[in-house]
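Structure first, commentary second.
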Amino acid sequence: DIQMTQSPSSLPASLGDRVTITCRASQDIGNYLRWFQQKPGKSPRLMIYGATNLAAGVPSRFSGSRSGSDYSLTISSLESEDMADYYCLQSKESPLTFGSGTKLEIK
Amino acid sequence: QVQLQQSGTELVKPASSVKISCKASGYTFTSNYMHWIRQQPGNGLEWIGWIYPGNGNTKYNQKFDGKATLTADKSSSTAYMQLSSLTSEDSAVYFCARGSLFDYWGQGVMVTVSS
């Protein structure tokens, strides 16, 4: 199975900060990488697909990038509504695997 | 608009089975995969498998082989997941999610396994 190593597990940050969350794939997954945001008691929301493409309705302060086997989600200027859990997902190969999650919280 | 409406909370006994549903609307049900995902309390997300309603083909995470069975009813645009031989480990929220993009999700079904 492809392992997705996500870091950090917790990220305290201040409003207005630029923050980055990273997932490292244990094998080549090309651009088959998605990012999701999940707020407490809610379903996950697609933020980024194809590693770098912004999903419909997602604010432009979110972006995705790739460097080799490292995939990053960046929020350019943190807003209060961004406080949530974030997960990556690889869909290159079955079984599809999620990262372990990052809890983004106010410092 | 696209909607995935899941069935309600389930409280079930150990060793029993449960079948939860995901009713799709606002798109062509038979032309999109439907994925199922588990989230145990306080934990992350695990992919269970997918079904392609157009032909009934399925693919499972080996971890859930024998635990989950995915089916779909084209006439009602509803996908189902049956979970069998339930234990406390199966207590979780179960989501359905549409297609290759995972762009639409159901609201989740909480399944609690308890005697």
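Listed in order, the protein sequences are those of chains A and B.
Residues in the first sequence are numbered from -2 upward in steps of one, following the numbering used here.
Residues in the second sequence are numbered from 40 upward in steps of one, following the numbering used here.
For each residue, glycine too, the CB sits at the ideal point set by N, CA and C.
In chain order, Ser40 make up the part of chain A whose C-beta sits under 8 Å from the C-beta of Gly147 (chain B).
Pairing Thr126 (chain B) with Leu109 (chain B) gives a Cβ-Cβ distance that is not under 7 Å. Here Ser70 (chain B) carries a helix assignment [DSSP, helix/strand/coil]. Look at Trp86 (chain B): its C-beta is under 7 Å from a C-beta on chain A. Annotated as distal: Leu30 (chain A) and Ala52 (chain A), with beta-carbon spacing of 7 Å or more. Contact between the segment 61 to 70 of chain B and the segment 79 to 89 of chain B is absent: fewer than 3 CB-CB pairs across the two stretches fall below 8 Å.
The DSSP-derived three-state label of Gln40 (chain B) is coil.
Between the beta-carbon of Ser69 (chain A) and that of Thr17 (chain A) there is about 5 Å, and that keeps the pair under the 8 Å contact cut.
Within chain B, the residues Leu140, Phe141 have their CB atoms less than 9 Å from the CB of Arg31 (chain A), given in chain order.
Of all residues in the segment 111 to 138 of chain B, those with a C-beta nearer than 7 Å to a C-beta of chain A are Phe134, reading in chain order.
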